[in-house]
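Residue numbers (the numbering used here), protein chains in the order written: chain A, 1 to 237; chain B, 1 to 237.
The beta carbon of each residue, even a glycine, is placed where N, CA and C say it ideally should be.
Treat the numbers as computed from the prediction; the structure is a model and nothing was measured.
Read the structure below first, then the notes.
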DNA sequence: CGAAACCTTGACAATGTTCAATCACTGTGG
DNA sequence: CCACAGTGATTGAACATTGTCAAGGTTTCG
């Protein structure tokens, strides 16, 4: 792969020429169709994964056999930084493509070496981790404050950054409702009922995975009322 | 303050002598009694705060005037790293002592300079941030999977790391129940009822803020049953 | 075509919240 | 020193929200 490609990625934009060269040498770009297991738990430990395009589900099984969503990644998200310093088996996860995806991977060992030697690269990585941390904090606040309808509305609002200045927004849910329900901490049945209740309350038009928001401000007002953030909260850079 | 003090702190253990010197020069050690406002929102932006001892509440107000807990800090926790790269007003918080506390602070600007120049220091900081990130992920899993009784039990279990090998553990709640309830994402009334229900179910003995766990394994079994982590999950340090 | 997954709906159970009342405890000012 | 206000904590009753179970429709894909 070409160094220019990586230089355009914020995370690597400050990396030294040597680092960029090593990265572009070692990176493996891959395309997968929907529904493919990308990493098993063992591989997750050894792989830094960067999403160029599409959606990926990171998950584990709980002790009673249920699937637990660890994270959902999309464009410009990455995973694997956890294993730069510690490599505990309990932290591992599986990765599965939820749509067609385009990604690249790097061996954790290489990234570890680069981060140890390339100060600017490590600072970019730290910046990115801090952004992620903020989004986790916001997620926690939402889970403890918002009800099912609000969590769904909040998710919709975050799908588009320009949403507050538009009218009659049209969205497509990026992945299926069962998964989305789980991501938002509720049962599929609750999701189904809450979405239809929300659409009555805030003038949405729902047609399977297509959703039209006729008046974003109305939705924002209902969704964000108890939150400590100001509306376009936590839109990642 | 003495450089030796900071060298013993994991976060600064790999810092260069020059960094350590600058840190020890600029650090302000402080004692506060319970109930003191340590930082207002403006100060939080300019201050890196490290807890030597005691408990601190970080919080904000939501748009409808409710207090939102951002984080609870204790021994060896810190806050302020967020502002090393970005300084958004919405990310600021207030800090209040919940017990007698001993802390030290550094100006964000200094830490920023040091992190920019001292590679090993920045790696230590990154490590610490990644640990924090893991604990946030676990928190999210707990909020979406556990019920009120389990969240309370889980909190108790994390108060002592050796808990699984003991019998008849005696604990003291580190801060009041209203705050703890909010931290665990429930109402004080729910907390009160859930704690008494839990104590019946898992043989706890509750006497105000004192709690005795006669059989930790029984509690672990009930609390951790749906979790993707293995028991002594996410014990920091 | 048929199996499997996804999605929705109804009836009901479990869980959590709200509101109001009460009690204990703490610190303050008269 | 006591009265009193304020906070923390608990409890009951009514209510709201979410989860569970079962059934049936729809979509997807080999």
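CB contact below 8 Å: residue i versus chain B
i: residue 157/A; result: no
i: residue 123/A; result: yes
i: residue 165/A; result: no
i: residue 74/A; result: no
i: residue 19/A; result: no
i: residue 228/A; result: yes
Candidates the options, of which the one nearest residue i by Cα
i: residue 228/A; options: 74/B, 227/B and 69/B; result: 69/B
i: residue 98/A; options: 74/A, 80/A and 182/A; result: 74/A
i: residue 187/A; options: 174/A, 163/A and 148/A; result: 148/A
i: residue 76/A; options: 217/A, 56/A and 224/A; result: 56/A
i: residue 201/B; options: 189/B, 23/B and 216/B; result: 216/B
i: residue 105/B; options: 30/B, 175/B, 224/B and 197/B; result: 30/B
i: residue 1/A; options: 151/A, 27/A and 13/A; result: 27/A
i: residue 83/B; options: 176/B, 7/B and 107/B; result: 107/B
i: residue 93/A; options: 54/A, 67/A and 153/A; result: 67/A
i: residue 193/B; options: 158/B, 159/B, 152/B and 114/B; result: 152/B
i: residue 88/B; options: 166/B, 181/B, 42/B and 32/B; result: 42/B
i: residue 180/B; options: 101/A, 144/A and 176/A; result: 144/A
i: residue 166/A; options: 132/A, 142/A, 159/A and 214/A; result: 214/A
i: residue 115/B; options: 4/B, 48/B, 221/B and 40/B; result: 48/B
i: residue 169/A; options: 101/A, 158/A, 175/A and 133/A; result: 158/A
i: residue 220/B; options: 33/B, 191/B, 146/B and 112/B; result: 146/B
i: residue 163/A; options: 65/A, 112/A and 233/A; result: 233/A
Residue j beta carbon less than 8 Å from that of residue i
i: residue 51/A; j: residue 9/A; result: no
i: residue 139/B; j: residue 129/A; result: no
i: residue 44/B; j: residue 81/B; result: no
i: residue 122/A; j: residue 123/B; result: yes
i: residue 211/B; j: residue 184/B; result: no
i: residue 156/B; j: residue 171/B; result: yes
i: residue 226/B; j: residue 62/A; result: yes
i: residue 218/B; j: residue 207/B; result: no
i: residue 7/A; j: residue 13/A; result: yes
i: residue 79/B; j: residue 91/B; result: no
i: residue 205/B; j: residue 199/B; result: yes
i: residue 46/B; j: residue 110/B; result: no
i: residue 231/B; j: residue 127/A; result: no
Any C-beta of chain A under 8 Å from that of residue i
i: residue 225/B; result: yes
i: residue 13/B; result: no
i: residue 90/B; result: yes
i: residue 237/B; result: Here residue 237/B scores only 48 on pLDDT, less than 50, and its place in the model should not be relied on; the value that follows carries that caveat. No, residue 237/B does not count as interfacial toward chain A.
i: residue 220/B; result: no
i: residue 25/B; result: no
Pull out every residue of the segment 127-143 of chain A whose Cβ sits closer than 9 Å to any Cβ of chain B, in chain order. 127, 129, 130, 131, 132, 133, 134, 136, 137, 139, 140, 141 and 143
Going along the segment 52-68 of chain A in order, which residues come within less than 8 Å of chain B, judged by CB to CB distance? 60, 61, 62, 63, 64, 66 and 68
Write down every uninterrupted run of the alpha helix (DSSP H) in the segment 156-233 of chain B whose length is 4 residues or greater and which is fully enclosed by it, in chain order. 177-183, 188-202 and 216-223
Using a Cβ cut-off of 7 Å, which residues of the segment 167-190 of chain B contact any Cβ in chain A, in chain order? 185
May I ask you to list, following chain order, the residues of the segment 28-49 of chain B that have a beta carbon less than 9 Å from some beta carbon of chain A? none
In the segment 77-89 of chain B, which residues sit with their C-beta less than 7 Å from some C-beta in chain A, listed in chain order? 81, 82 and 85
What ranges does the alpha helix (DSSP H) occupy inside the segment 72-136 of chain A, keeping only unbroken runs of at least 4 residues that lie completely in it? 108-117
Identify every run of the beta strand (DSSP E) within the segment 12-52 of chain A, keeping only runs that are complete inside it and at least 3 residues long; order them along the chain. 28-32 and 37-39
What residues from the segment 200-211 of chain B come within 9 Å of chain A, judged by C-beta to C-beta, listed N to C? none
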